[in-house]
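Residue numbers (the numbering used here): 1 to 381.
For each residue, glycine too, the CB sits at the ideal point set by N, CA and C.
Single-structure report; data block below.
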Ligand code: UD1
Ligand code: UDP
């Protein structure tokens with residue numbers, strides 16, 4: 001019998017964990033073909049653990065690297081050094097990384113130094129501006145250089161890779177695994193009545209209104225390039241909107257980064273219709289996404305999930321590496337610009353026609369089978 005292929009998955013943050021969960025489970029279903037090792041850097045601690053629990057993933061190696069208020073030097077250096085030891089001891093045939101975080105970049109670099117091949121999930125997203133998003137655009141460009149297999153979510157991301165001279169035979173358009181995760185989690189909230197009832201009980205304790213029949217806006221934000229003035233503008237826009245629309249509720253699960261927590265709690269506490277809550281588990285977050293009126297965010301993953309649910313997304317960034325949903329009309333860029341945010345939210349609240357134009361449900365990012373396509377490639381590589 002042929003020997004099993006040794007595959008290691010490494011990730012460290014909430015979105016990587018959500019998007020790698022379907023790949024982890026796809027590989028797990030083939031124990032005769034693959035020896036799978038899950039390594040988490042825990043660049044995020046609490047927000048990673050939330051996802052590990054929801055998706056029933058148990059790390060074989062947990063580097064537990066997060067430090068309060070870490071900066072890019074801390075996290076990049078600690079992942080690179082820790083991965084040296086992990087790769088020396090385990091020597092996988094393939095190291096699978098995801099996306100564009102410090103964990104992605106430093107782990108790919110460690111694999112390159114150790115002579116281990118890298119497969120990059122969610123490859124080829126580009127703004128071609130190294131400052132936006134910072135440092136993610138740099139991280140993903142370098143990871144492409146270091147990878148032997150590129151799992152591109154869309155034709156557009158494939159084209160980006162080919163333009164950079166990457167060999168066409170190493171690029172596979174798979175769809176984005178976030179859609180696999182989304183479908184799985186939504187189904188679970190529908191069939192698991194105990195889970196559903198717990199989620200509803202929890203919302204009843206943290207939200208003083210019924211999320212199923214109240215108009216509410218869902219907000220998230222954490223981009224480094226928005227720290228400082230950007231977050232002040234965003235919070236002032238939200239404060240203005242909360243005063244202007246007292247019957248609309250604003251629900252904001254606040255990212256745990258202190259650069260986000262500080263301005264958000266300082267500027268937005270004390271409003272009856274603004275609800276600052278802790279980061280939610282994936283399934284409850286999706287339930288809010290499904291019921292909200294619109295989403296205001298600078299997140300990458302939410303730009304991919306919301307179109308699937310037909311929700312308008314106002315993206316608080318100047319550029320996006322995910323143009324597919326902008327072209328389809330569900331996503332609009334508003335920057336971290338106070339006046340643009342107020343104007344765009346007000347327009348959607350006040351103008352039914354404009355709102356329905358942005359509320360089309362479509363899936364430019366996949367069909368829920370991306371992880372199976374990645375598995376097929378891993379079998380052959
Ligand atoms: C990171 C990624 C970003 C990704 C985002 C997803 C980099 C450079 N940035 O940004 O690409 O979009 O995650 O959310 O890789 N913290 C906690 N608990 C947690 C998570 C974070 O307390 O569970 C706090 C800690 O003080 C930590 C800080 O947030 O030091 C920053 O975390 P870090 O991963 O460095 O940056 P993010 O802004 O989360
Ligand atoms: N998310 C979550 N709980 C929350 C907020 C977001 O589970 O309270 C999920 C969301 O559905 C998406 C992912 O986290 O899949 C996005 O993570 P984030 O915005 O932190 O990172 P990005 O996608 O910008 O890298």
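How about residue i: is its Cβ closer than 8 Å to a heavy atom in the ligand UDP?
i           : result
residue 126 : no
residue 253 : yes
residue 281 : yes
residue 200 : no
residue 301 : yes
residue 70  : no
residue 52  : no
residue 286 : yes
residue 259 : no
Cβ of residue i within 9 Å of Cβ of residue j?
i           : j           : result
residue 20  : residue 96  : yes
residue 38  : residue 18  : no
residue 381 : residue 94  : yes
residue 242 : residue 280 : no
residue 152 : residue 172 : yes
So for residue i, helix, strand or coil by DSSP?
i           : result
residue 311 : coil
residue 62  : strand
residue 8   : strand
residue 162 : helix
residue 39  : strand
residue 123 : coil
residue 227 : coil
residue 73  : helix
residue 219 : strand
residue 275 : strand
residue 336 : coil
residue 117 : strand
My understanding is that residue i touches residue j, with C-beta atoms under 8 Å, so please give their C-beta distance in whole angstroms.
i           : j           : result
residue 273 : residue 246 : 6 Å
residue 54  : residue 12  : No, residue 54 and residue 12 are not in contact; Cβ-Cβ is about 17 Å, not under 8 Å.
residue 217 : residue 248 : 6 Å
Any heavy atom of the ligand UD1 within a distance shorter than 8 Å of the CB on residue i?
i           : result
residue 100 : yes
residue 44  : yes
residue 122 : no
residue 263 : no
residue 133 : yes
residue 173 : no
residue 75  : yes
residue 63  : no
Let me see if you follow: with CB-CB separation under 9 Å, is residue i close to chain C or not?
i           : result
residue 155 : Looking for chain C here will not work: only one protein chain is present.
Cβ pair count under 8 Å reaching 3, the segment 36-54 against the segment 128-147:
no
If contact is defined by three or more beta carbon pairs under 8 Å, each pair taking one atom from either stretch, is the segment 293-303 in contact with the segment 184-195?
no
Decide yes or no for the touch test of the segment 168-176 against the segment 360-376: beta carbon pairs closer than 8 Å, at least 3 of them.
yes
Validate contact between the segment 353-364 and the segment 251-268 using beta carbons, cut 8 Å, 3 pairs
no
Are there three or more Cβ pairs, one per stretch, closer than 8 Å when the segment 102-120 is compared with the segment 139-148?
yes
Using 8 Å as the threshold, is the segment 284-292 in touch with the segment 121-128, meaning 3 or more CB pairs across them?
no
Measuring CB atoms only, is the segment 299-311 touching the segment 339-349, in the sense that at least three cross pairs come out at less than 8 Å?
no
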